[in-house]
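Quick notes on the structure that follows.
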Amino acid sequence: MTADTTSSTESNLDVPHEKVTVDDPAASPESSDEGKDDGEKLTSLQIFLLVLSLSISTFIAALEQTIVSTAAPSISKAFNSSELEFTWIGTAYLLPAAASTPPFGKISDIFGRKPILLLAIFIFWIGSLIGALAVNIDMLIAGRVIQGTGGGGILGLSAIVIGDVFSPRDRSKYYGVLGVVWGLACGLGPIIGGAFSGFVSWKWCFWINLPIAGLAGIFVFFFLRVETPKTPIVKGLLAMDWLGTIAIVGATVMFLLGLGYGGIAYPWGSATVVCLIVFGIATVFVYALIEWKVAKYPVTPLRLFKSTSNVATFGIAYIHGAVYIANLYYLPLYFQTVLGASPILSGVYLLPVAITLCVVSSLTGVYISKTGRYRPPIYFGLVFMILGLGLYINLQSYASWPRIIIFQIISGVGLGPVFQAPIIAIFSLTKPADIASAAATVFFARDIATAMSIVFGGVIFQNRIAGQEDQLRAALPEELATKFTSGGATTSAESITLLNTVQRDVVTSVYNKSLQAEWIFYTALSGVALLLSLLISKQVLSREHKVNKTGLDVQEASRLEELNKEKERGVDDSAA
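Taken in order, the sequence shown gives residues 1 to 576; the numbers are from UniProt numbering.
Take a look at the structure:
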């Protein structure tokens, strides 16, 4: 990897783009000093409607990540599903969401952002309809897979559009808005899902998406004002990196299937699990080879990984995704298994971290917009992330509400800034033609991390419980002790309520110590992110507004530019 130079920034890249200005009342007077370009202006109303369109789209896609977490038991009971099918209710959305993000980014480079975002919303709508009409668990899981495919495209493309339309300085404000929407959706998801399954029907977890997704599609169609290239469909499809797309989707599916099956459907050492994980990793190398040597317009240009700053940013996005989902997944587990809360109440107890990260995410956007600096929020957020997760280690096996609330607030202060700051950083460090691929890679890293984090956390949790097996066997009958050492977290949470006071105290103490081991792991992981942040290069964001054009001509110009650079480097090397 090479150090970043000014040639990697937008301002010095001779790649086709269109300069426009945004009539943004929040922009400071200094913007005129940094360059004023003639071109199309977006009014305050147009900006509001555009951001509203993207916010609605982001909300529905993010909501589906967590809404079934509290409705899953009701869904499982309705279809009498197995433990494996139970886990797939959630995984069936997260897996295709991760796998579809890179291809959607590249497809939008060829056909334009607007039609592909509308396609993603339509796919999500179809998946929601199938889920709502499901008559068996297989049909429901199929609907979730289709939902996830569209949801991954929605989340990635919403961020890409912000990067296309707004200046580097002003993007931060609107990423702050999307961060708030994302945080609210994920925080409210468990509460809404629990309320639907408890008072109406779990099917409303899917019915609710139909009018909202329809509204999102209408808003995007009428109010998303971006240039759409007139790429012929056949020509565009032929230009797609189909080998790369198949490879990255296949690698993601195999790897995450292996993690999902491990310890549930098959033992970790079984041939099925080992082969899925090994072949998944091997296919990643095949994918890299395709992108390097075969693809004309690669889904993920390998030049993105030549920059130390880019690699560090991808790493931070990965770790943030892992830590973020740990808060949403393992704090409710603490509330349910240790404190005895119901699924709905565990969602309510999670509000301090959800609300705090939303507020701080918004304030971070304002700060970056005013100063043009993205590194301080990353440093600030990661320090508080370490502090918040470290404090979780001190959570007790009884309800100490001041600790629970304050620790969550500190964690939220850390999580909030790191939602959008890495996206802003990667946009400023990437040339315009690669923005979609770079943003898709950030989201891909974050999505992969969420799936892997749940598995890794679960392994730590179960291993720590197994290490305290003697304490459980001393306090419980043989059958119950075996159930708590080998059973799933959901089964354990239900079983704890049936114990007497003495037995419950022993089990909750064991579970709390096991969760403490997880928080130690995530604290250390956050420390790695802080070290990575030191590798991100410094850059003050400009107010100059360059709308990135899409289409095959832009992709071809970028490809030829890279070929010329390689030839020049070859000439220089031979001369030396």
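Ideal Cβ placement from N, Cα and C applies to all residues, glycine included.
In the DSSP assignment, what are the bridge partners of residue i?
{"i": "TYR266", "result": "GLY262"}
{"i": "SER428", "result": "Beta-bridge pairing links SER428 to no other residue."}
{"i": "SER453", "result": "Per DSSP, none; premise fails for SER453."}
Under the assumption that residue i contacts residue j (Cβ atoms under 8 Å), give the Cβ distance between them as a whole number of angstroms.
{"i": "ALA451", "j": "LEU224", "result": "Not really, about 30 Å apart at Cβ, beyond 8 Å."}
{"i": "ASP434", "j": "PRO232", "result": "Actually they are not in contact, since the Cβ atoms of ASP434 and PRO232 sit about 24 Å apart, beyond 8 Å."}
{"i": "ILE116", "j": "ILE123", "result": "Actually they are not in contact, since the Cβ atoms of ILE116 and ILE123 sit about 10 Å apart, beyond 8 Å."}
{"i": "ASP241", "j": "VAL299", "result": "5 Å"}
{"i": "VAL323", "j": "LEU155", "result": "Between LEU155 and VAL323 the Cβ distance is about 18 Å, and since that is not below 8 Å, they are no contact."}
{"i": "PRO168", "j": "SER542", "result": "5 Å"}
{"i": "SER201", "j": "GLY153", "result": "With a Cβ gap of about 28 Å, SER201 and GLY153 do not count as contacting."}
{"i": "LEU429", "j": "SER509", "result": "In fact, because the Cβ distance is near 48 Å, the residues do not count as touching under 8 Å."}
{"i": "SER362", "j": "MET385", "result": "SER362 to MET385, Cβ: 18 Å. No contact."}
{"i": "ALA439", "j": "ILE448", "result": "Between ILE448 and ALA439 the Cβ distance is about 15 Å, and since that is not below 8 Å, they are no contact."}
{"i": "GLY321", "j": "PRO332", "result": "With 8 Å as the limit, GLY321 and PRO332 do not qualify as a contact, their Cβ atoms being about 18 Å apart."}
Distance check for residue j and residue i, CA to CA, integer angstroms please.
{"i": "LEU184", "j": "LEU215", "result": "19 Å"}
{"i": "GLU562", "j": "TYR297", "result": "12 Å"}
{"i": "THR209", "j": "TRP125", "result": "Reading off the sequence shown, one finds Asn at residue 209, where the question assumed Thr. Each residue's alpha carbon lies about 7 Å from the other."}
{"i": "ASP23", "j": "ILE47", "result": "No answer about ASP23 holds up, because its pLDDT of 41 lies below 50 and its placement is not dependable."}
{"i": "LEU63", "j": "VAL338", "result": "26 Å"}
{"i": "VAL220", "j": "LEU54", "result": "7 Å"}
{"i": "PRO417", "j": "GLY198", "result": "34 Å"}
{"i": "LEU530", "j": "PHE305", "result": "19 Å"}
{"i": "GLY187", "j": "LEU476", "result": "36 Å"}
{"i": "ASN463", "j": "ARG373", "result": "43 Å"}
{"i": "ALA97", "j": "SER514", "result": "30 Å"}
{"i": "PHE59", "j": "GLU469", "result": "43 Å"}
{"i": "ARG473", "j": "SER533", "result": "46 Å"}
{"i": "LEU237", "j": "PHE456", "result": "38 Å"}
{"i": "LEU119", "j": "GLY217", "result": "9 Å"}
{"i": "ILE454", "j": "ALA326", "result": "7 Å"}
{"i": "THR364", "j": "LEU382", "result": "13 Å"}
{"i": "SER81", "j": "TRP88", "result": "10 Å"}
{"i": "LYS203", "j": "SER342", "result": "20 Å"}
{"i": "SER270", "j": "GLY262", "result": "8 Å"}
{"i": "GLY436", "j": "ALA445", "result": "Here residue 436 is Ala; the residue named in the question, Gly, does not match the sequence. Approximately 14 Å between the Cα atoms of the pair."}
{"i": "ASP109", "j": "PHE484", "result": "51 Å"}
{"i": "ILE409", "j": "GLY189", "result": "19 Å"}
{"i": "PHE222", "j": "LEU140", "result": "32 Å"}
{"i": "ILE290", "j": "GLY244", "result": "6 Å"}
{"i": "VAL253", "j": "ILE130", "result": "21 Å"}
{"i": "THR149", "j": "ASN548", "result": "25 Å"}
Does residue i come out as helix, strand or coil in the three-state DSSP assignment?
{"i": "SER509", "result": "helix"}
{"i": "SER172", "result": "helix"}
{"i": "SER307", "result": "strand"}
{"i": "GLU566", "result": "helix"}
{"i": "THR2", "result": "With a pLDDT of 44 at THR2, under the threshold of 50, the modelled position of that residue is not reliable, and the figure given next carries that caveat. Three-state result, THR2: strand."}
{"i": "SER558", "result": "helix"}
{"i": "ASP109", "result": "helix"}
{"i": "ASN327", "result": "helix"}
{"i": "TYR392", "result": "helix"}
{"i": "ASN463", "result": "helix"}
{"i": "ASN136", "result": "coil"}
{"i": "PHE166", "result": "coil"}
{"i": "LEU350", "result": "coil"}
{"i": "ALA341", "result": "coil"}
{"i": "GLY208", "result": "As written in the sequence, residue 208 is Ile, which differs from the Gly given in the question. Three-state result, ILE208: coil."}
{"i": "SER437", "result": "helix"}
{"i": "PRO298", "result": "coil"}
Exercise. Three or more C-beta pairs closer than 8 Å, one from the region 70 to 77 and one from the region 164 to 181: is that the case here?
Worked result: Flag = no, the region 70 to 77 and the region 164 to 181 do not touch.
Exercise. Quick check: the region 395 to 409 against the region 350 to 357, are there 3 or more CB pairs under 8 Å?
Worked result: Three or more Cβ pairs drawn from the region 395 to 409 and the region 350 to 357 lie within less than 8 Å of each other, which places the two stretches in contact.
Exercise. Contact between the region 50 to 70 and the region 227 to 242: three or more CB pairs below 8 Å?
Worked result: By the Cβ criterion, the region 50 to 70 is not in contact with the region 227 to 242, since fewer than three pairs of Cβ atoms, one from each stretch, lie closer than 8 Å.
Exercise. Would you say the region 313 to 320 touches the region 406 to 426, given that touching needs at least three Cβ pairs under 8 Å?
Worked result: Touching, yes.
Exercise. Is it a yes or a no for the region 384 to 395 touching the region 513 to 530, going by three-plus beta-carbon pairs under 8 Å?
Worked result: Contact between the region 384 to 395 and the region 513 to 530 is present: 3 or more CB-CB pairs across the two stretches fall below 8 Å.
Problem set entry | Stretch pair the region 281 to 294 + the region 132 to 146: three plus CB contacts closer than 8 Å | The region 281 to 294 is not in contact with the region 132 to 146.
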